[in-house]
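*Asks:* Got a structure here, written out as structure tokens. Questions coming.
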Amino acid sequence: MKRRLLLATALLATAATVPVLAQTAPPTRVRGTIAGLEGNTLTVTSRDGQKFEINLKDPVTVRTVKKVELSSIEPNSYIGTATRTGADGKLTAIEVLVFPEAMRGAGEGHYAWDLEPGSMMTNGTVKGAVTAAAGRELTIGFKDSSKVVYVPPEAKIVTFAPAAKDDLKPGAKVFCIATKDAEGKLTAPAVTVGKDGVDPPM
């Protein structure tokens, strides 16, 4: 009897942890082209041809990006940059997002990213900026560490700009970070959409 009680308790404990595990599933980054929008369901065709249906939280935050000059990035700017690592271990920016002041602290740190194989993401405060022969070298501080990132002239430099749900049109490029529930359904609180010829480079 005691053994059965222990087994039942173990099973209940296991069942109780399943939703927790589902809630802590890693985020799904969706990059692609809008196939359609019906109500609050956004359908996206990803870069590799997969179809994603994403439930947009109500009200959803819709934003776009606009280009800014590399020279506008100064010490104390809060930025996020996707990088590739050279054979010498140095980081080179693929793109740089200059965050609005209200988003300071978003995603702070240095971690793996999936913009391209082996890419990394560094979000932090610019501690120093040195003009190179071409491009700039930025020292980015985060938590108790820092990284030096070389930003070449061809890297895309953008910041967020306001957009509306009406901008979520078929054919537009889009990027969002969605969470997956226990049933595998995706939900996103915010979407970044390409507009006026500038696509999300993230």
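With positions in the sequence shown counted from 1, the corresponding number in our numbering is that position plus 15. Ideal placement from N, C-alpha and C gives every residue a C-beta, glycine not left out.
1) For G95, count neighbouring C-beta atoms within 10 Å of its own C-beta (all shown protein chains included) and say buried if the count is 16 or more, exposed if not.
2) Are there 16 or more other CB atoms within 10 angstroms of the CB of A179, so buried, or fewer, so exposed?
3) What did DSSP end up calling S92 once you bin it into helix, strand or coil?
4) With P177 as the anchor, note down where its beta strand (DSSP E) starts and where it stops.
5) Spell out the partners DSSP gives E68 in its beta bridges.
6) For G122, collect the residues of the same chain with a Cβ closer than 8 Å to its Cβ; drop the 5 residues on either side in sequence, then sort them by chain order.
7) Quick one: using the 10 Å Cβ neighbour count with 16 as the cut-off for buried, is R151 buried or exposed?
8) Ends of the beta strand (DSSP E) at R46?
9) What number of angstroms, rounded off, separates the C-alpha of C191 from the C-alpha of A205?
10) Is it the case that the Cβ atoms of A127 and E110 are separated by a distance below 8 Å?
11) Short of 7 Å in beta carbon distance, which residues of its chain neighbour G104, apart from the five on each side in sequence? Order them along the chain.
12) DSSP three-state label for S87, please.
13) Looking at the secondary structure, which residues open and close the beta strand (DSSP E) in which G156 lies?
14) Taking the Cβ atom as the reference point for each residue, do V141 and P177 lie within a distance shorter than 8 Å?
15) Below 8 Å CB to CB, which residues in the same chain sit around L201 once its five sequence neighbours on both sides are set aside?
16) Just to confirm my understanding: we take V189, look at its own chain, exclude 5 residues before and 5 after, and list those with CB closer than 8 Å. What are they?
17) Given a cut-off of 8 Å, decide if A144 and L153 are closer than it, judged by their beta-carbon atoms.
18) Taking 8 Å as the limit between beta carbons, can you name the residues of its chain near S61, skipping five residues before and five after?
19) Please name the residue in G124, K81 and I88 whose C-alpha comes closest to that of K219.
*Replies:* In short:
1) buried
2) exposed
3) coil
4) K171 to P177
5) DSSP lists T58 as partners of E68.
6) G95, M136 and N138
7) buried
8) T43 to E53
9) 7 Å
10) The answer is no: Cβ separation not under 8 Å.
11) Cβ within range, chain order: n/a, list empty.
12) Assigned with DSSP and collapsed to three states, S87 falls in helix.
13) R151 to F157
14) no
15) T43, V45, F67, E68, I69, N70, A193, T194 and K195
16) V45, R46, G47, T48, I49, L57, V59, L183, V206, T207, V208, G209 and P215
17) yes
18) V45, R46, G47 and F67
19) This structure does not reach residue 219, given that the chain is present from 16 up to 217, and the question cannot be answered.
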